[in-house]
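Have a look at the structure below before the remarks.
In my numbering, the protein residues as written are -4 to 156.
See the structure below:
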């Protein structure tokens, strides 16, 4: 048809603007095992399983983050209640990690550091901090805040009581 403008296609896939350096760019050959933690990539995801014979080896994204000291999430714990019950609260966070890590091997606590007026938990993913925060609010109430970084796959959770 003459004289009609060509409209741009509207069925194109929109590319996300969130950048995650640690996300694998392509599929790994299956099975592949992490040489650091032993997690196995099979069925299109990382799982805890015995390393199959003939499996390839690589370093999983969580172990890469731990090595680089580059967290995807941070949980800040503070307040007078935390000062009095810190060990119990950190144990709750560790228990949440164990539950999450059992299903998702890439969801781990990297490190726990004591700062001047808070304890900071660094994680390898963005889901575990939220789960820890929700567990804290459920068990102890308190003030819970989430901050997601724009254009980056990162979450900061703060809990205070």
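Beta carbons: idealized from backbone N, C-alpha and C, even for Gly.
The structure displayed is predicted, hence computed values, not measured ones.
6 Å CB neighbourhood of residue i in its chain, flanking five on each side removed
i           : result
residue 32  : 58
residue 152 : 70, 124, 128, 141
residue 106 : 117
residue 132 : 139
residue 47  : 26
Residues bridged to residue i [DSSP beta-bridge criterion]
i           : result
residue 28  : 35, 52
residue 143 : 150
residue 117 : 69, 106
residue 43  : DSSP lists no partner for residue 43.
residue 91  : DSSP, once it has assigned bridges, lists no residue as partnering residue 91.
residue 138 : 155
Through-space distance from residue j to residue i, alpha-carbon basis
i           : j           : result
residue 111 : residue 79  : 15 Å
residue 100 : residue 155 : 28 Å
residue 77  : residue 130 : 14 Å
residue 88  : residue 61  : 18 Å
residue 81  : residue 73  : 9 Å
residue 66  : residue 120 : 7 Å
residue 137 : residue 51  : 46 Å
Sequence-distant residues of its chain with Cβ nearer than 8 Å to residue i (five each side left out)
i           : result
residue 144 : 150, 151
For residue i, three-class secondary structure by DSSP
i           : result
residue 81  : helix
residue 112 : coil
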